[in-house]
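Residues 5 to 265 (the numbering used here) are what the sequence shown spells out, left to right. Notes to accompany the following structure.
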Amino acid sequence: MTKYTLTVHISQNWIQQFNDRGWKLCFATAVETGGRANYNVVAFAAKKVADTVTIEWEEKYQIAASKDQFADRAIVTPETDPQPIEFGQSFSVDDSWTTQPASPDERAPRGDGFLFKNHTRAAACVAYKVVQGRSTPVYISPDGPLPRGQEFLVPRPKCKVWFSLWHGTESMVASKSFAGEDKEVDLTGNPNAEVWYTESGRWSNSEHEVVAPQQPQAAADPWSDAAFEEDEASRAEDKAFQDEMEKIINGGWDEGEDFKP
């Protein structure tokens, strides 16, 4: 069972400012679903920013079901008790919200993930990992609650750190709500890593900051045809999702196929 350590060094120039204004150092780990890496639950938030913050976690997992609808800043609330789960196993929740211990399943990812089976009308999957010595939520279905079906989860040895005024440990975080820069760290093949938040307010992989020259970019035209089409597509997608959720809640979902995000 691999254990990981990330050491975050923060320039003295920023520490008092962060603490005086209530900024927290937030940390999330990657869980892949449908080929997409999700960093959507704050696994740890340091309420007091210091010059060095060490974050430790290990590949020891639990899983639960929730009725939560994904919402930025909301606290993850499981409906069932978290159950231990290992790679190659599946976890099921039935229509009465009763669960059984996770067990081997040939349909689950064998070497690097597990399977969530939902037999309720609508449920979200919550995955837990041991972070800073305690089991804490690290993932919730981003489009949940999901209809009857299944969800494949593959934790990845990647993490993100960033500073936030609004998020705390166990809160959901939307991808669009990262304030300022976030830093993604890939620990594949190396369970120990260090990053620096420098005097200039940038993330760096080195104590000695190296800033690459950037090419100037033209500002996007909010009145362009492309911007209008993108906005229309976004509204249509939101409307389709709302209609789908109403069908789920009202019992009108077609259960003929498994749900795969």
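Ideal Cβ positions, reconstructed from N, Cα and C, are used throughout, including at glycine. Since the model is a prediction, treat every value here as computed from it, not as a measurement.
Here's a check: name, in chain order, each residue in its chain whose Cβ is nearer than 7 Å to the Cβ of residue i, leaving out the five neighbours to either side.
i: G172; result: K28, V46 and A49
i: Q66; result: P86, Q87, P88, I89, Y132 and S139
Going by DSSP, name the residue or residues bridged to residue i.
i: V199; result: V12
i: S168; result: K28
i: I89; result: Y65
i: V94; result: The identity of residue 94 in the sequence shown is Ser, whereas the question assumes Val. Beta-bridge pairing links S94 to S107 and L119.
i: K187; result: V165
Is the beta carbon of residue i sitting closer than 8 Å to the one on residue j?
i: S96; j: H123; result: yes
i: I89; j: S175; result: no
i: S70; j: Q93; result: no
i: A34; j: N23; result: no
i: P82; j: V130; result: yes
i: F74; j: G148; result: yes
i: L119; j: F167; result: no
i: T84; j: T58; result: no
i: V189; j: L10; result: yes
Whose C-beta lies closer than 6 Å to the C-beta of residue i among residues of the same chain, with five residues either side of it excluded?
i: D187; result: Looking at the sequence provided, one finds Lys at residue 187 rather than Asp. Excluding residues within five positions, the ones whose Cβ falls inside 6 Å are V165, V199 and W207.
i: P161; result: L191 and T192
i: D98; result: H123
Within the 8 Å Cβ cut-off, does residue i reach chain B?
i: V97; result: Annotation note: the requested chain B is absent from the structure, which comprises a single protein chain.
Taking buried to mean at least 16 other C-beta atoms within 10 Å of its own C-beta, is residue i buried or exposed?
i: R152; result: buried
i: N194; result: exposed
i: K7; result: exposed
i: A178; result: exposed
i: K121; result: buried
i: P141; result: buried
i: W61; result: buried
Just checking my contact of residue i with residue j at CB under 8 Å: how many whole Å lie between their CB atoms?
i: N209; j: Y143; result: Not confirmed; about 26 Å, so no contact.
Excluding the 5 residues preceding and the 5 following residue i in the sequence, name in chain order all residues of the same chain whose CB lies nearer than 8 Å to its CB.
i: H13; result: D55, T56, E198, V199, W200, Y201 and E211
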